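The structure appears right after this line, and notes come after that.
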Amino acid sequence: MRVAQYKLPKAPGDSEDASLVLYYFGQGQGGGTAANVERWIGQMKQPDGGNSNDMAKEESLAINGLKITTVDVGGTYTAEMAPGSGTFYNNPNYRLRAAVIETPKGSYYLKLVGPEKTVAKWAKSVGEFIGSFEFK
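This is the structure:
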């Protein structure tokens, strides 16, 4: 299901690198766009106890004939470390940027997560990467 995985080197002052993963589960697999966006937003908790939905920036785009939905949200990253493991990350000052790229053969799911400054450092490059997607 992991088509590609990248380690994006940390920005000065951050203690960790960011992770960029591209998933493809097959046609009709992997869940709908809204469900994935909701799950990703739910992986981020706000330090003040606020609602991550209020902090998230969601955007719908059409690029090269593909419908792409992106989400960008910061906070404390609390996703499960591995499905079913029962252990969770607890990484404050993180940022999650993700996208669902809809194709005629099923959606691709891109997830970038890491320390705030590191994700910001790579935001333009990742945006260009998303903008380069084509279905052939």
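Just so it is clear: in the sequence shown, position 101 is 500 by the working numbering, and no numbers are missing. By construction, the Cβ of each residue, glycine as well, lies at the ideal position given by its N, Cα and C atoms. Because the structure is a prediction, the values reported are computed rather than measured.
Quick one: measure Cβ to Cβ for residue i and residue j, integer angstroms, because I've assumed they're closer than 8 Å.
| i | j | result |
| --- | --- | --- |
| L419 | L407 | 6 Å |
| G505 | Q426 | 4 Å |
| Y508 | G449 | Actually they are not in contact, since the Cβ atoms of Y508 and G449 sit about 26 Å apart, beyond 8 Å. |
| G485 | F534 | Contact doesn't hold; Cβ gap of about 38 Å is too wide. |
| A522 | R496 | 7 Å |
For the alpha helix (DSSP H) that residue i lies in, which residues bound it at each end?
| i | result |
| --- | --- |
| G483 | Where G483 is concerned, there is no enclosing alpha helix (DSSP H), given that its DSSP letter is neither H nor E. |
Give me whichever residues DSSP pairs with residue i in a beta bridge.
| i | result |
| --- | --- |
| I467 | L460 and I500 |
| M400 | Answer is none; M400 lacks a bridge partner. |
| T475 | K444 |
| K406 | S418 |
| N490 | Y476 |
Classify residue i as buried or exposed, calling it buried when 16 or more other Cβ atoms lie within 10 Å of its own Cβ.
| i | result |
| --- | --- |
| K456 | exposed |
| Y476 | buried |
| I467 | buried |
| L460 | exposed |
| S414 | exposed |
Item to complete: Can you check the stretch 500-528 for any beta strand (DSSP E) of at least 3 residues that lies completely inside it and give the ranges in chain order?
Response: 505-514
Worksheet entry | Minimum length 3: unbroken beta strand (DSSP E) runs contained in the stretch 408-450 | The beta strand (DSSP E) runs of length 3 or more contained entirely in the stretch 408-450 are, from start to end of the chain, 417-423.
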